[in-house]
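All remarks here apply to the structure that follows.
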Amino acid sequence: MRLLVSTLVALVFGTPVLAAEQTATTVTMSFWEANGFWAGILGAAVGGLIAFAIQLKVLRENRELRNEDRKLSQQAMANSLVFKLRKIYSNFSIMQEHVDQCFSSDLAKEEGAEIWQFLLPLGNPPPSIELSSDEMSMLLSLGDLDVFNAVAGLDDGHNALMDSVRLYTQKREELTSQLQHVGRNDSAVVSVADEKEKLTLLPYFLVANSVASALAEHTDRGFSDSNAALTDALKLLKDKELINFNMEFTATPSGHE
Numbered sequence: 503m504r505l506l507v508s509t510l511v512a513l514v515f516g517t518p519v520l521a522a523e524q525t526a527t528t529v530t531m532s533f534w535e536a537n538g539f540w541a542g543i544l545g546a547a548v549g550g551l552i553a554f555a556i557q558l559k560v561l562r563e564n565r566e567l568r569n570e571d572r573k574l575s576q577q578a579m580a581n582s583l584v585f586k587l588r589k590i591y592s593n594f595s596i597m598q599e600h601v602d603q604c605f606s607s608d609l610a611k612e613e614g615a616e617i618w619q620f621l622l623p624l625g626n627p628p629p630s631i632e633l634s635s636d637e638m639s640m641l642l643s644l645g646d647l648d649v650f651n652a653v654a655g656l657d658d659g660h661n662a663l664m665d666s667v668r669l670y671t672q673k674r675e676e677l678t679s680q681l682q683h684v685g686r687n688d689s690a691v692v693s694v695a696d697e698k699e700k701l702t703l704l705p706y707f708l709v710a711n712s713v714a715s716a717l718a719e720h721t722d723r724g725f726s727d728s729n730a731a732l733t734d735a736l737k738l739l740k741d742k743e744l745i746n747f748n749m750e751f752t753a754t755p756s757g758h759e
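Position one of the sequence shown corresponds to residue 503 (the numbering used here), numbered consecutively onward.
What follows is the structure in structure tokens.
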């Protein structure tokens, strides 16, 4: 009987104690499980932020490399463009000097002198020059349409002038080959022709004079345009830090009547 009572007392008063111990263990495990979960979340977040920062750094470095490569490419095209414009200007300058010398010669001052008589051919005209689409695209990307328009087509004008030089040489030779040469006066060939021969050669005279006049006019205009284009392009490219040099030159195009 006493054993039974002791057992009942133990069951009645011992059960809450056991339950309390079990509850405490459960609470303790839940606490650590919860902490482990948030620790995992925090660790993943920190890891993600680190990976994101690294990715941003890589992207920034790649962007800087691309910008640097683009700048180097623009600088190379700017240098190439300037050298071509300088060559175009130089060729126009040579032609301008030649035309000026011919127009100021004694033969040009003689009464009744025709332009084909004193405008001498220029031997070995320079080859064609082509401004590439990449060079012109680079120039257009700088945003100055006035400079772009001044440069655009300058190579076509240069090449057309050189074609005119060759054409004039050909037409003048065709004309002089029909004349009877009697001597030389400095660099000019002295020829004679009677009225009948002049009438026969009239088409040759007209063509030679026409090409010579156009050649002189084209030279004047091209010299002035190439000087302005080169000056403006140099300023723009230097302002954009694509070139770091200067060019010294003067242009005084002379008009011809």
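Even glycine gets a Cβ: it sits at the ideal position worked out from N, Cα and C. Fair warning: this is a prediction, and the values are worked out from it, not measured in the lab.
{"query": "State whether the region 627 to 639 contacts the region 584 to 592, with contact taken as three or more CB pairs (one from each stretch) at a distance under 8 Å.", "result": "yes"}
{"query": "Tell me the residue span of the alpha helix (DSSP H) that contains N661.", "result": "L656 to T678"}
{"query": "By the three-class DSSP mapping on this structure, what secondary structure does K737 have?", "result": "helix"}
{"query": "Should Q524 be labelled buried (16 or more other beta-carbon atoms within 10 Å of its own) or exposed?", "result": "Residue placement at Q524 is poorly supported in this model, since its pLDDT is 48, which falls under 50; the coordinates still yield a value, given next. Q524 is exposed by the Cβ-count criterion."}
{"query": "Among L669, L633 and Q577, which one has its Cα closest to the Cα of L622?", "result": "L669"}
{"query": "Thinking C-alpha only, which one of G545, L739 and F594 is nearest N729?", "result": "F594"}
{"query": "For K700, tell me which candidate among A718, L681 and L642 has the shortest Cα-Cα distance.", "result": "L681"}
{"query": "Is it true that the region 573 to 581 meets the region 711 to 719, where meeting means three or more beta-carbon pairs spaced less than 8 Å apart?", "result": "no"}
{"query": "In whole angstroms, give me the CA-to-CA distance for S666 and D648.", "result": "28 Å"}
{"query": "On a Cα-Cα basis, can you pick out the residue from R562, V601 and Q557 that is closest to H716?", "result": "Note that residue 716 is Ala in the sequence shown, not His. When only C-alpha atoms are compared, the closest one is V601."}
{"query": "Hey, quick one: how far does the alpha helix (DSSP H) through E743 stretch, first residue to last?", "result": "It is not in any alpha helix (DSSP H) - E743 carries neither H nor E in the DSSP assignment."}
{"query": "Please classify S606: does DSSP put it in a helix, a strand, or coil?", "result": "coil"}
{"query": "Comparing alpha-carbon positions, which option in D722, L744 and T733 lies nearest E599?", "result": "D722"}
{"query": "M640 by DSSP, collapsed to three states: which one?", "result": "helix"}
{"query": "Taking the C-alpha atoms as reference points, what is the distance between L738 and F554?", "result": "40 Å"}
{"query": "Leaving out five residues on either side along the sequence, give the residues of the same chain with a beta carbon under 6 Å from the beta carbon of L744.", "result": "Q576, Q577 and A580"}
{"query": "In this structure, does DSSP put N626 in helix, strand or coil?", "result": "coil"}
{"query": "Within 10 angstroms of the Cβ of V529, are there 16 or more other Cβ atoms? Answer buried if so, exposed if not.", "result": "Because the pLDDT of V529 is 47, which lies under 50, any placement of that residue in the model is unreliable, and the question is left without a value."}
{"query": "Are there 16 or more other CB atoms within 10 angstroms of the CB of G542, so buried, or fewer, so exposed?", "result": "exposed"}
{"query": "Report the option in N651, L551 and M664 whose CA atom is closest to the CA atom of N626.", "result": "M664"}
{"query": "In the structure shown, what three-state DSSP assignment does D646 receive?", "result": "coil"}
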